[in-house]
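The structure appears below as structure tokens.
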Amino acid sequence: AITSRLNGIVPRIVQGGAVYTKPFDPTVGSVQIMLRTDGRPLNARVELLQGPNNIKQSIDLYTEDGTERPFVAVFETPGAGNVIRIVNTATVEFPLTATVEPYTMETGDIYGYAEAGGAPFVLG
Numbered sequence: 720a721i722t723s724r725l726n727g728i729v730p731r732i733v734q735g736g737a738v739y740t741k742p743f744d745p746t747v748g749s750v751q752i753m754l755r756t757d758g759r760p761l762n763a764r765v766e767l768l769q770g771p772n773n774i775k776q777s778i779d780l781y782t783e784d785g786t787e788r789p790f791v792a793v794f795e796t797p798g799a800g801n802v803i804r805i806v807n808t809a810t811v812e813f814p815l816t817a818t819v820e821p822y823t824m825e826t827g828d829i830y831g832y833a834e835a836g837g838a839p840f841v842l843g
């Protein structure tokens, strides 16, 4: 499952109205993002930037309960200069927790997995 790769990784708390950015090395092929709350509503914008303020992808999202329905996505990040920017568009009373980590590398998956026919298998 997608979320199992993010289990055990310490998330970053993003207060309401705050911005969190995380740059990635050019060898990162894709990144996985998970946003959650403590049961409160989740209001956020997730952006993939390539270069200064050059937005390649943007998602505005909302969910009533960020614990019951967290947001999980994988963004392809080809090339150099990629940055994930997370904007908590809620007020200060509604913090969220963000986990952003490499999902695949240009030479394969950093966890030793590769995709084949839609199912992961362990490389030996």
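Going by our numbering, 790 is the number at position 71 of the sequence shown; the sequence numbering is gapless.
Beta carbons: idealized from backbone N, C-alpha and C, even for Gly.
Quantities reported herein were computed from a predicted structural model and do not represent experimental measurements.
Alpha carbon of residue i to alpha carbon of residue j, nearest angstrom
{"i": "V765", "j": "E787", "result": "19 Å"}
{"i": "P797", "j": "M753", "result": "20 Å"}
{"i": "V738", "j": "N772", "result": "14 Å"}
{"i": "Q776", "j": "E812", "result": "27 Å"}
{"i": "I774", "j": "T740", "result": "13 Å"}
{"i": "P760", "j": "L768", "result": "26 Å"}
Same chain, Cβ closer than 8 Å to residue i, five either side skipped, listed in chain order
{"i": "S749", "result": "V793, F794, E795, T796, P821, Y822, T823"}
{"i": "P730", "result": "M753, R755, T816, A817, T818"}
Start-to-end residues for the beta strand (DSSP E) that takes in residue i
{"i": "N762", "result": "761-769"}
{"i": "T782", "result": "774-782"}
Residues near residue i in its chain [Cβ-Cβ closer than 6 Å; skip 5 each side]
{"i": "P742", "result": "V802"}
As assigned by DSSP and simplified to three states, the class of residue i
{"i": "T808", "result": "coil"}
{"i": "P821", "result": "strand"}
{"i": "A799", "result": "coil"}
{"i": "F813", "result": "coil"}
Nonlocal neighbours in the same chain, by C-beta distance under 7 Å from residue i, ignoring five residues either side
{"i": "D757", "result": "T786"}
{"i": "D779", "result": "R764"}
Next on the checklist: If we require 3 or more residues per run, which beta strand (DSSP E) segments fall completely within the region 725-754?
Outcome noted: Correct list: 731-733, 738-742.
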